[in-house]
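The structure appears below as structure tokens.
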């Protein structure tokens, strides 16, 4: 947690550029997006899921130009207005630049950012339903186990 879903039409850009934009989205969130409710240990586990949709199944643009949605899903009350605006601007710029389009008002309307709040006890890691505190404990325990394995391998 958080999870970012980057959806685009398949006519958007080549795969290598899509992957680069997905990486930029994650880096932007980790660098600039202040999520008050999420400790750094949890933010480090942010995932970006890339979803490609056939343009024929993505209704809303009559001119055939690519469409993009970026949804940031995080704990309830974790999105601050200024942070959301800065994140949306940076992501819009990254997407349109990778596409080779000017970053102007007309093109920016093809990029939508949605910030979704998930209440405690409405998400899980595996089968266990969690809140912020129990998730942090889970992540820290997992990181400790990985560190121990690397230490054993080094010895």
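Numbering (our numbering), first residue to last: 2 to 156. Yeah, the Cβ is synthetic: ideal placement off N, Cα and C, and Gly gets one too. Source: prediction; values computed, not measured.
Within 8 Å, strictly: CB atoms of residue i and residue j
i           : j           : result
residue 96  : residue 69  : yes
residue 109 : residue 98  : no
residue 72  : residue 5   : yes
residue 77  : residue 7   : no
residue 104 : residue 75  : no
residue 62  : residue 111 : yes
Residue i (DSSP reduced to helix, strand or coil)
i           : result
residue 109 : helix
residue 93  : helix
residue 56  : helix
residue 156 : coil
residue 29  : helix
residue 19  : helix
residue 135 : helix
residue 84  : helix
residue 66  : coil
Contacting residues, own chain, Cβ-Cβ under 6 Å from residue i (five flanking each side not counted)
i           : result
residue 91  : 29
residue 10  : 54, 56, 59, 67, 68
residue 132 : 121, 122
residue 13  : 67
residue 124 : none
Segment limits, beta strand (DSSP E) that includes residue i
i           : result
residue 125 : 124-126
residue 174 : Outside the displayed range of the chain (2 to 156) lies residue 174, so it cannot be described from this structure.
residue 8   : 4-10
Spatial neighbours of residue i in its chain, beta-carbon cut-off 8 Å, leaving aside the 5 residues before and after
i           : result
residue 115 : 70, 71, 72, 73
residue 20  : 51
residue 117 : 72, 73, 74, 75
Close beta carbons around residue i, own chain, < 7 Å, minus the five adjacent residues each side
i          : result
residue 49 : 5, 7, 23, 26, 27
residue 1  : Shown here, the chain extends from 2 to 156; a query on residue 1 therefore has no answer.
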